[in-house]
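Below: the structure, in structure tokens.
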Amino acid sequence: MRKLTGLALCVLVAGCAREAPPPSDADAAFEKSLQQQFLDAKPGSVIEIPPGKHALQRVLTLRANGVTVRGAGSDKSILSFKNQISGPEGMLVYANDFTIEHLAIEDSKGDGLKINDGENVTIRDVRVEWTAGPSKDNGAYGIYPVKCRNVLIEDSSSIGARDAGIYVGQSQDIVVRRNRAEKNVAGIEIENSVRADVYENVATGNTGGILVFNMPDLTQHGEHARVFKNKVVANNLGNFGAKGTAVASVPAGSGVIVTSNPKVEIFDNDIADNRTANVIIASYYITNFADKKPTEGYDPYPKAIFIHDNRFSGGGDSPDGLDWKTLKVAMFGLGGHFPDVLWDGYVDTKILVDGRYPDDQRICIRNGDVEVLNVDGPNKFSDPKVGKDEYHCELPPLAPVELKGKA
Amino acid sequence: MATDHGNADEREQRSRHSGEGRNPLKRILWNPAFAGMTSLGLLLFLPLSGCTHAPQPVHFFSEGKPEKLSDWHLVEARDGKLAPNAGVVPYDLNTPLFSDYAHKFRTVWMPSGTSATYEADGPFDFPVGTVLTKTFFYPRGADADRKAVARSYDTTRDFAPGTAHEALDLADVRLVETRVLVRRERGWEAIPYVWNAAQTDAELARTGDAIPLELVGDDTAKADREPFVYVVPNEAQCAGCHVTDVKAKQIEPLGPRARHLDRDYAYADGTRNQLAHWAELGILAGLPATGLPKDADWHDEKQSLDARARSYLDVNCSHCHSPTGPANTTALDLRSANADRRRLGECKPPVAAGRGTGDHLFDIVPGKPDESILLYRMISSEPGVMMPEMGRNTTHKEGVELIREWIAAMPGNCDA
Numbered sequence: 000m001r002k003l004t005g006l007a008l009c010v011l012v013a014g015c016a017r018e019a020p021p022p023s024d025a026d027a028a029f030e031k032s033l034q035q036q037f038l039d040a041k042p043g044s045v046i047e048i049p050p051g052k053h054a055l056q057r058v059l060t061l062r063a064n065g066v067t068v069r070g071a072g073s074d075k076s077i078l079s080f081k082n083q084i085s086g087p088e089g090m091l092v093y094a095n096d097f098t099i100e101h102l103a104i105e106d107s108k109g110d111g112l113k114i115n116d117g118e119n120v121t122i123r124d125v126r127v128e129w130t131a132g133p134s135k136d137n138g139a140y141g142i143y144p145v146k147c148r149n150v151l152i153e154d155s156s157s158i159g160a161r162d163a164g165i166y167v168g169q170s171q172d173i174v175v176r177r178n179r180a181e182k183n184v185a186g187i188e189i190e191n192s193v194r195a196d197v198y199e200n201v202a203t204g205n206t207g208g209i210l211v212f213n214m215p216d217l218t219q220h221g222e223h224a225r226v227f228k229n230k231v232v233a234n235n236l237g238n239f240g241a242k243g244t245a246v247a248s249v250p251a252g253s254g255v256i257v258t259s260n261p262k263v264e265i266f267d268n269d270i271a272d273n274r275t276a277n278v279i280i281a282s283y284y285i286t287n288f289a290d291k292k293p294t295e296g297y298d299p300y301p302k303a304i305f306i307h308d309n310r311f312s313g314g315g316d317s318p319d320g321l322d323w324k325t326l327k328v329a330m331f332g333l334g335g336h337f338p339d340v341l342w343d344g345y346v347d348t349k350i351l352v353d354g355r356y357p358d359d360q361r362i363c364i365r366n367g368d369v370e371v372l373n374v375d376g377p378n379k380f381s382d383p384k385v386g387k388d389e390y391h392c393e394l395p396p397l398a399p400v401e402l403k404g405k406a
Numbered sequence: 000m001a002t003d004h005g006n007a008d009e010r011e012q013r014s015r016h017s018g019e020g021r022n023p024l025k026r027i028l029w030n031p032a033f034a035g036m037t038s039l040g041l042l043l044f045l046p047l048s049g050c051t052h053a054p055q056p057v058h059f060f061s062e063g064k065p066e067k068l069s070d071w072h073l074v075e076a077r078d079g080k081l082a083p084n085a086g087v088v089p090y091d092l093n094t095p096l097f098s099d100y101a102h103k104f105r106t107v108w109m110p111s112g113t114s115a116t117y118e119a120d121g122p123f124d125f126p127v128g129t130v131l132t133k134t135f136f137y138p139r140g141a142d143a144d145r146k147a148v149a150r151s152y153d154t155t156r157d158f159a160p161g162t163a164h165e166a167l168d169l170a171d172v173r174l175v176e177t178r179v180l181v182r183r184e185r186g187w188e189a190i191p192y193v194w195n196a197a198q199t200d201a202e203l204a205r206t207g208d209a210i211p212l213e214l215v216g217d218d219t220a221k222a223d224r225e226p227f228v229y230v231v232p233n234e235a236q237c238a239g240c241h242v243t244d245v246k247a248k249q250i251e252p253l254g255p256r257a258r259h260l261d262r263d264y265a266y267a268d269g270t271r272n273q274l275a276h277w278a279e280l281g282i283l284a285g286l287p288a289t290g291l292p293k294d295a296d297w298h299d300e301k302q303s304l305d306a307r308a309r310s311y312l313d314v315n316c317s318h319c320h321s322p323t324g325p326a327n328t329t330a331l332d333l334r335s336a337n338a339d340r341r342r343l344g345e346c347k348p349p350v351a352a353g354r355g356t357g358d359h360l361f362d363i364v365p366g367k368p369d370e371s372i373l374l375y376r377m378i379s380s381e382p383g384v385m386m387p388e389m390g391r392n393t394t395h396k397e398g399v400e401l402i403r404e405w406i407a408a409m410p411g412n413c414d415a
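These protein sequence lines are chains G and U, in that order. Here the first sequence stands for residues 0 to 406, where the numbers follow numbering that gives the first Met the number 0. Here the second sequence stands for residues 0 to 415, where the numbers follow numbering that gives the first Met the number 0.
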């Protein structure tokens, strides 16, 4: 009974952050020394994280340029923020020309590793994980560079983020490769970013595998993303995102989603068993973002999307949400499935020439027998159509990303 | 090497204190120790030995981080008081940042012969050598429990008798930390100090501290007690608020801006406007005669709800939520000067809030405080949900009520 009352009280005061037990003397000494190293870091400093699981109470903030933070491996040097009292991030970086590698950040109250306004960013073999698995208590982003230039994220992983596992926002010149994203709402997300290469990653067990989004209001608009050679498999996790966030609108069972982002090339991927659809091409309007009046200068329509040479299998057989389920059964029967590509059908009528987009603005598919389902979003799904030939076209390949100024 | 503004400057610095030039009598009343020394003459004062109550002059350290707050000789605990040294001028803000109900005692000091230059919007342009302090303290709780501190807006017990608002009464307050902001050649630096148990001095705490305390409400009959951990920020966290331009990456003072300082202060020799006082002392140049900006006192119910709410949001949020601040990723602008309603949060969807949305769709829904993310995050005291992200571990109930009232009174809706 006593316990129950305590619990009820906890809920009333919105969480029990202040109930965190005081750290052991060894943990407190370790934290003090590590915090001091972060404060004292200067260009050329290498901060070593020794093997072991280290319990920290407070965000590690790096403000010096040219620093390396290095552990002994993402399964060996573990920074645990389970009892964090101040943050909310695990690690927070406001710096340029740095490398963070071979370590893990676990159970931070907010984002795992946030990098704000940095240039020449290298994240290598970093694991960010919420160890209890998907939960409403997890932080939003795992690895989270925002407003950065020249970003390399490789051989890393994110597990359990309540928003996106690996999220690159409002940045430019980005390479995200050989990472693993699992049990997040969004596995890997590129948002409002310019020139991103996303390749050789594994996104599995998320609500949505790989997202390329362009949202209104932000400091820059996104364009130019190449998504290739990834394995985007069985992203069917129930959406546990917080209502109101963009990813809360992602249906469980989404492989690759492009929302309102111009110039996206999706090729040579293995995309399989994503039960709503292997690929979704959407405008800002189909999303259930509450706001339907995006700001001026923002283009809500996806344009110049090229999907080719992917290997699709399975998927589309059990879409998330009643509308989609009904649509699926009505069109393809109980045992049937959606085609590999879903398009919401919203068209920017202002740019139509003879009833269609100019060649360089189209949604093009060159992927064997792959079909597209236009769900007729503008008319509330009243006239959905499967098509193939009308999407058959090609766009010139997008240029690979070059990370300037990086070794 | 440390730069020492030694005793030669002493006289001039002292003369600034409390307007000696205007009213020497009151100054003498305020500081009998110094009055005695004046009559004994400068020669006797110089060696300092045997002059137990005489503080040494302020020491500006141009480099390094002294181990003890007392090394600076800015504010010192002596004779049962926390008193500013000669030439160290206390000040207050129209609306302060909420810091777990801590009371704050702020001071400014500048090397003799220098002055800050007035700015209408940003922090004043302070000369190299300026040192600001902010001491966080609580009125002591009614009982002997060392952890107990009062949750109270009553400041009448804070100050030592006869000092107006110039010195704290250590019999009635518990000092927690003093943050020093020093303007050096290369820019501002933030240095945190934590007060010792004996309340005799504060020690350097670069990595911050976590101090278990218990807030005790004014109404003792209600057994209103709230345990919490008071978190002293580390140096990097200081920058988390004090770097207001994420590109420039420079630490800046937040409080000493015209719109926050334009108010009266109870100096030992009388109450008068702070900006006028600074100008009179010669530490503020270029103060316009008219047209000074002034933000509302959030707690003053005579002022408009909108002005009070906007002032509160400005002080508590806009160091990050401005077009240049670290939270400019989210397009939310809570400066009191912002006139764009959407950027103020009205019907604006969240950008990177995560579970901080509380399952709400917009930052502010006019007329519906309980559907507004902004209020939800103010109510929470959980890292990862709460706003501001740091600087508090409790909920500011009265602040929440103010913003609740403000949103409730807003016309319109987000149904479009």
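We treat Cβ as the ideally placed atom computed from N, Cα and C, and that holds for glycine.
Taking residue i as the reference, give the member of the options with the closest Cα.
| i | options | result |
| --- | --- | --- |
| alanine 201 of chain U | U:His72, U:Ala336, U:Val399 | U:His72 |
| arginine 161 of chain G | U:Lys396, U:His259, U:Arg354 | U:Arg354 |
| asparagine 200 of chain G | G:Ile84, G:Ala54, G:Gly164 | G:Gly164 |
| leucine 212 of chain U | U:Pro232, U:Gly140, U:Gly281, U:Asp294 | U:Gly140 |
| glutamate 264 of chain G | G:Pro377, G:Gly314, G:Asp319, G:Ala195 | G:Ala195 |
| histidine 298 of chain U | U:Gly112, U:Tyr152, U:Ile190 | U:Tyr152 |
| threonine 323 of chain U | U:Leu81, U:Arg145, U:Val245 | U:Val245 |
| valine 174 of chain G | G:Ala202, G:Tyr345, G:Phe227 | G:Phe227 |
| alanine 275 of chain U | U:Asp268, U:Leu260, U:Ala267 | U:Leu260 |
| arginine 262 of chain U | U:Glu279, U:Ala284, U:Lys293, U:Ile250 | U:Lys293 |
| isoleucine 77 of chain G | G:Glu188, G:Met90, G:Leu394 | G:Met90 |
| alanine 352 of chain U | G:Arg365, G:Gly138, G:Asp39 | G:Gly138 |
| cysteine 363 of chain G | G:Ala303, G:Thr67, G:Arg355, G:Pro399 | G:Ala303 |
| asparagine 235 of chain G | G:Ser73, G:Ala271, G:Ser155, G:Asp359 | G:Ala271 |
| tyrosine 266 of chain U | U:Phe104, U:Lys396, U:Gln55, U:Val57 | U:Phe104 |
| arginine 225 of chain G | G:Val232, G:Tyr198, G:Ala247 | G:Tyr198 |
| threonine 348 of chain G | G:Asp298, G:Glu370, G:Asn366 | G:Asp298 |
Give the residues of chain U in contact with residue i, contact being defined as C-beta atoms less than 7 Å apart.
| i | result |
| --- | --- |
| arginine 161 of chain G | Gly353, Arg354 |
| proline 87 of chain G | Pro382, Gly383, Glu388 |
At 9 Å on the CB atoms, spell out the chain G contacts of residue i, in chain order.
| i | result |
| --- | --- |
| valine 245 of chain U | Tyr93, Asn115, Asp116, Lys146 |
| isoleucine 372 of chain U | Gly243 |
| aspartate 223 of chain U | Under the 9 Å cutoff, chain G gives no residues; its nearest Cβ is about 13 Å from aspartate 223 of chain U. |
Could you list which residues in chain G have their beta carbon closer than 8 Å to that of residue i, in chain order?
| i | result |
| --- | --- |
| isoleucine 282 of chain U | Residues of chain G passing the Cβ test: none, with the nearest at roughly 30 Å. |
What does residue i touch in chain G if you count any residue whose Cβ is under 7 Å from its own?
| i | result |
| --- | --- |
| proline 365 of chain U | In chain order: nothing, as chain G lies at least about 14 Å away. |
| arginine 205 of chain U | Gln35, Leu38 |
| glycine 79 of chain U | Under the 7 Å cutoff, chain G gives no residues; its nearest Cβ is about 32 Å from glycine 79 of chain U. |
Using a Cβ cut-off of 9 Å, pull out every chain U residue sitting near residue i, in sequence order please.
| i | result |
| --- | --- |
| threonine 67 of chain G | By Cβ distance, chain U contributes nothing, its closest Cβ being about 17 Å from threonine 67 of chain G, past 9 Å. |
| glycine 138 of chain G | Gly353, Arg354, Gly383 |
| glutamine 83 of chain G | Pro382, Gly383 |
Using DSSP's beta-bridge definition, name the partner residues of residue i.
| i | result |
| --- | --- |
| glycine 186 of chain U | U:Arg183 |
| tryptophan 194 of chain U | U:Ala201 |
| arginine 105 of chain U | U:Tyr90, U:Lys133 |
| glutamate 47 of chain G | G:Arg69 |
| glutamine 55 of chain U | Glutamine 55 of chain U pairs with nothing; no bridge assigned. |
| lysine 80 of chain U | U:Arg77, U:Asp168 |
| arginine 178 of chain U | U:Lys133, U:Pro191 |
| asparagine 137 of chain G | Per DSSP, none; premise fails for asparagine 137 of chain G. |
Starting from the beta carbon of residue i, find every residue of chain U whose beta carbon is closer than 8 Å, and list them in chain order.
| i | result |
| --- | --- |
| serine 44 of chain G | Neighbours of serine 44 of chain G on chain U: none; closest Cβ ~14 Å, over 8 Å. |
Item to check | Proximal residues, the segment 385-396 of chain U versus chain G, C-beta separation under 7 Å | outcome: Under the 7 Å Cβ criterion, the segment 385-396 of chain U contributes Glu388, Met389, Asn392.
Checklist entry - Which whole runs of the alpha helix (DSSP H) in the segment 331-414 of chain U are 4 residues long or more, in chain order? => result With a minimum length of 4 residues, the unbroken runs of alpha helix (DSSP H) contained wholly in the segment 331-414 of chain U fall at 372-378, 396-407.
Checklist entry - Closer than 9 Å, Cβ to any Cβ of chain G: which residues of the segment 232-266 of chain U, in chain order? => result Pro232, Asn233, Glu234, Ala235, Gln236, Ala238, Gly239, Val242, Val245, Lys246, Lys248
Next on the checklist: Quick check on the DSSP output: what are the complete alpha helix (DSSP H) runs of length 4 or more inside the segment 314-348 of chain G, in order along the chain?
Outcome noted: 321-331
Item to check | Residues of the segment 302-336 of chain U whose Cβ lies closer than 7 Å to any Cβ of chain G, in chain order | outcome: Pro325, Asn327, Thr328, Ala330
Item to check | Cβ-based contacts, 8 Å cut-off: residues of the segment 96-109 of chain G near chain U | outcome: Ser107, Lys108, Gly109
Item to check | Positions along the segment 44-60 of chain G whose CB lies within less than 9 Å of some CB in chain U | outcome: Gln56, Arg57, Val58, Leu59, Thr60
Checklist entry - Of all the residues that make up the segment 236-253 of chain G, which are near chain U by a beta-carbon distance shorter than 9 Å? => result Gly240, Ala241, Lys242, Gly243, Thr244, Ala245, Ala247
Checklist entry - Using Cβ-Cβ distances below 9 Å, what residues of the segment 209-220 of chain U are close to chain G? => result Ala209, Pro211
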